[in-house]
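A short worksheet on the structure shown next.
Numbering (the numbering used here), first residue to last: 272 to 506.
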């Protein structure tokens with residue numbers, strides 16, 4: 272695990288580490304996007320793939336830098352003793368994964384709805400919604416404030432739970448997987464499954480695509496639970 276090494280890192284070494292890691296995350300996401308698009312091309316959600324623009328590339332690079340900055344802030348908070356990481360156990364990994372999923376899903380639902388308040392939307396979130404049809408970079412076409420908001424929420428939930436490194440890593444891997452698949456414009460799950468519980472509680476690619484098409488519904492990320500409770504679930 273990387274925690275012991277990161278604890279010994281200097282500030283410049285940690286900064287370079289997080290910048291490289293976040294760049295590799297984008298590369299991994301793009302490769303996964305291509306693979307999922309190829310594997311499920313017969314189950315499209317959108318009619319077309321949005322061409323990648325120079326603006327998309329610039330905003331993705333900005334998101335990499337901002338994610339590195341937020342990661343560095345979390346590293347500093349950990350080093351300064353504002354929160355700690357728990358010891359590994361399989362029970363702890365499961366608890367941390369579920370707790371982070373539930374709390375982050377709720378937190379992102381709330382902040383996502385706030386981002387759709389008109390005056391905030393125009394400043395913070397409009398560019399992401401220009402992608403009514405998505406491409407391999409759509410997940411990262413975010414304003415600096417969006418990246419900062421997600422990162423602050425993530426650091427806050429991490430500090431609250433104090434997860435073990437493996438539990439935190441499992442959550443982050445799931446987050447990348449769900450985010451990438453949600454912007455592929457194809458639906459890996461059979462459509463008849465999406466109407467049945469418990470799969471109907473999942474925030475699927477179709478679910479998120481409908482949010483890009485109709486910005487007044489489907490604000491959740493990992494699940495549809497909060498949209499059901501908040502009466503914002505689309506048809």
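Note that beta-carbon positions come from the ideal geometry of N, C-alpha and C, so glycine has one too.
Nothing here was measured: the structure is a model prediction, and the numbers come from that model.
Just measuring C-alpha positions, the residue of 372, 479, 504 sitting nearest residue 444 is 372. Every alpha helix (DSSP H) stretch that sits fully inside the stretch 473-503 and reaches 4 residues is listed by chain position as 476-484, 496-501. Secondary structure note for residue 328: its alpha helix (DSSP H) is the uninterrupted segment 325-350. Where residue 421 is concerned, the enclosing alpha helix (DSSP H) starts and stops at 415-432. The alpha-carbon separation between residue 296 and residue 441 amounts to approximately 14 Å. Counted as a single uninterrupted DSSP element, the alpha helix (DSSP H) harbouring residue 438 occupies residues 436-453. When secondary structure is reduced to three states using DSSP, residue 357 falls in the strand class.
For residue 294, the enclosing alpha helix (DSSP H) covers residues 282-310. Of 499, 456, 505, 482, the smallest CA-CA separation from residue 319 is found for 456. Residue 434 and residue 386 have their C-alpha atoms some 28 Å from each other. With contact defined as three or more Cβ pairs closer than 8 Å, the stretch 397-405 and the stretch 478-488 are in contact.
The beta carbon of residue 331 sits closer than 7 Å to the beta carbons of 297, 408, 411, 412 from its chain, once the five residues preceding and following it are set aside; these are given in chain order. Under the three-state reduction of DSSP output, residue 315 falls in the strand class. The Cβ-Cβ distance between residue 494 and residue 472 falls below 8 Å. In the structure shown, residue 395 adopts helical secondary structure according to DSSP, grouped into three states.
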